[in-house]
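K.L.:
According to the numbering used here, the sequence shown is numbered sequentially starting from -13. After the structure tokens below, expect a handful of questions from me.
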Amino acid sequence: MIIMDTKIDSLLKEALTPSEKPDVKLNQEILRKAVEGNNMRKPFFKTIPVIAALATAVLATGSLTAYGAWKYLSTDQAAEETGNKKLADTFREKGAVNINESQEYGDYKITLMGTVSGDKISDYLIEDNGQFLTDRTYSVISIEKKDGSPMPDTSDKDYENNFLASPFIKGEDPAFLNIYYMDGGCSSFVKDGVEYRLVDHDNIEAFAGRGVYLGVLGDTFYDRKAYNFNKTTGEITRNESYKGINALFKLPLDQSKADEKKAEELLAKWYSGNSGKEDTRNENNKDNKNPQEEASLPEEDEWDWNKIKKDGVLIKSSVKKYPAEQFNEIITYNPGTEWKGLIIGEMSISIKEYFDKDEYGTKAISEASDGENNIYTVLKHNKDGSITVSQYHN
């Protein structure tokens, strides 16, 4: 930690403060609700333009090294940049946790700066089905290039929203429980060449007794190849052979906030897709199986395509074909399927999450179920490179 003279700090901070700030009304306007997918909610994102200040001279009492220490914002300053004064004040309070742990993968350095949780601690509330979600966890991460070159500003044409920050719960497979299910969102902006992300989702303090992680991936969607999930211990670890960004931090939550009853309620809500249906994780748990193990949804390899093909019925209207050129894109699949009360709306599918470029075949990638009726979404990578998505019901 670098400690600087207070007067020098003040002068440097004044010299490097932008002369213009984003319009608060604009910040509020670009907040939007998440788009619902197949029993999951896509985290919403907003980007905030920041006009960087240009320092024309370095103070005689300062140095380039000292400037380097000042180029980073604190968690409360990051919240202020998004126009969220109430949250900024909360980050200054005793309950906030400063972490400042950095990990480097590929060309990037990723830092988990800090986290805070609470009820009504933000100026902006997310509305879901007519109800405001007020009890939230907020985390600030920074992303920068290791070579010191600046990250593209959110207003630049080169900017791509190609990172995903998500909490994971020990004991739950992150492929089936991540920010997409947790009413999550993210605000991002770039300042002094560093990208900051303010990530928010349902309050996860109740899981303090189990263990909570925060993962950062170099893609917009979760990649199940990025992390290893141990079914026996519930541990989540990095896949060391993964070719990409898969940072993983442990969140040091307040153990006194652990609440198993509330944790189970949250799991029930998340696994039911927050769609009003009852949680069906333990629907068939008639014996004394481990409830922690039962809390996980089926893994992809347990969805037997041959069995689905043999016993299932193809929903002809659900069949959609996409050209080979879309292999590296996120496909928006909207079958509009309904089967005995199960409704499947728009889904976003990353083909490369399930197939390598030269890998062909058919895989079941998701299941919607109310305990008796099932709809399976099936992905086929054809030998000509095209992609076919379809659905089957039981």
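Built from N, CA and C at the ideal position, the CB exists for glycine as well.
What does a CB cutoff of less than 8 Å around Q63 pick up in its chain, not counting 5 residues either side in sequence?
P.N.:
For the purposes of this step, residue 63 is identified with residue 77 of the sequence shown, where counting begins at 1. Excluding residues within five positions, the ones whose Cβ falls inside 8 Å are A74.
K.L.:
Could you give the residue range of the alpha helix (DSSP H) that holds T76?
P.N.:
By 1-based counting over the sequence shown, the position of residue 76 is 90. Note, T76: alpha helix (DSSP H), 71 to 77.
K.L.:
CB A192 to CB A233, shorter than 8 Å?
P.N.:
Along the sequence shown, read from residue 1 onward, the residue named residue 192 stands at position 206. Along the sequence shown, read from residue 1 onward, the residue named residue 233 stands at position 247. Contact: no.
K.L.:
Go to Y319, then tell me how far its beta strand (DSSP E) extends in each direction, as first and last residue.
P.N.:
Numbered from 1 along the sequence shown, position 333 holds the residue referred to as residue 319. Counting along the chain, the beta strand (DSSP E) containing Y319 begins and ends at 316 to 319.
K.L.:
Are S88 and T97 touching if we call contact CB-CB under 8 Å?
P.N.:
Position 102 of the sequence shown, counting from 1, holds the residue named residue 88. Position 111 of the sequence shown, counting from 1, holds the residue named residue 97. Against a cut-off of 8 Å, the Cβ pair of T97 and S88 comes out as a contact.
K.L.:
Where does L253 fall in DSSP's three states?
P.N.:
As a position in the sequence shown, residue 253 is number 267, starting the count at 1. L253 falls in the helix class under three-state DSSP.
K.L.:
When you compare each of S336, R78, S108 to G69 by their alpha carbons, which one comes out closest?
P.N.:
By one-based count along the sequence shown, residue 69 stands at place 83. Of the listed residues, the one whose Cα sits closest to G69 is S108.
K.L.:
Quick one: any contact between the stretch 225 to 243 and the stretch 130 to 138, if contact means 3 or more CB pairs under 8 Å?
P.N.:
In short, these stretches do not touch, since the Cβ pair count stays below three.
K.L.:
Which value, in whole angstroms, describes the spacing of the CA atoms of M99 and S128?
P.N.:
Numbered from 1 along the sequence shown, position 113 holds the residue referred to as residue 99. Numbered from 1 along the sequence shown, position 142 holds the residue referred to as residue 128. The straight-line gap from Cα to Cα measures roughly 7 Å.
K.L.:
Alpha carbon to alpha carbon, what distance is there between N86 and N368?
P.N.:
Numbered from its first residue, the sequence shown carries residue 368 at position 382. Numbered from its first residue, the sequence shown carries residue 86 at position 100. The alpha-carbon atoms of N368 and N86 are separated by roughly 46 Å.
K.L.:
Would you call P160 buried or exposed, if buried means 16 or more other Cβ atoms sit within 10 Å of its Cβ?
P.N.:
On the sequence shown, residue 160 is found 174 positions in, with the first residue counted as 1. When all chains shown are included, P160 counts as buried.
K.L.:
Applying the criterion that 16 or more other CB atoms from any shown protein chain within 10 Å of the CB defines a buried residue, is G116 buried or exposed?
P.N.:
As a position in the sequence shown, residue 116 is number 130, starting the count at 1. Exposed: under 16 other Cβ atoms inside 10 Å.
K.L.:
How many Å lie between P277 and I316 at the Cα?
P.N.:
Sequence index remark: in the sequence shown, residue 277 carries index 291 (1-based). Sequence index remark: in the sequence shown, residue 316 carries index 330 (1-based). Residue confidence is low: P277 scores 33 on pLDDT, short of 50, so the model does not pin down where it sits. Its coordinate-derived value is still stated next. Those two C-alpha atoms are separated by around 35 Å.
K.L.:
In angstroms, rounded to a whole number, what distance separates the CA positions of S352 and P321?
P.N.:
Taking the sequence shown and counting its residues from 1, the one referred to as residue 352 is at position 366. Taking the sequence shown and counting its residues from 1, the one referred to as residue 321 is at position 335. In a straight line, the C-alpha of S352 is about 14 Å away from that of P321.
K.L.:
Let me make sure I understand the geometry here. Which of E67, E226, L239 has the alpha-carbon closest to that of N84?
P.N.:
Along the sequence shown, one-based indexing puts residue 84 at 98. Answer by Cα proximity: L239.
K.L.:
Alpha carbon to alpha carbon, how far is K71 from K95?
P.N.:
Residue mapping note: residue 71 aligns to position 85 of the sequence shown, counting from 1. Residue mapping note: residue 95 aligns to position 109 of the sequence shown, counting from 1. Spanning the two alpha carbons is a distance of roughly 27 Å.
K.L.:
Residues bridged to I333 by DSSP?
P.N.:
As a first step, residue 333 must be located in the sequence shown, where it is residue number 347. A small fix is needed here, since residue 333 is Met in this sequence, not Ile. Beta-bridge pairing links M333 to Y319.
K.L.:
In whole angstroms, give me the CA-to-CA distance for A65 and L184.
P.N.:
On the sequence shown, position 79 is the one that residue 65 refers to. On the sequence shown, position 198 is the one that residue 184 refers to. Going by the C-alpha atoms only, they are around 7 Å apart.
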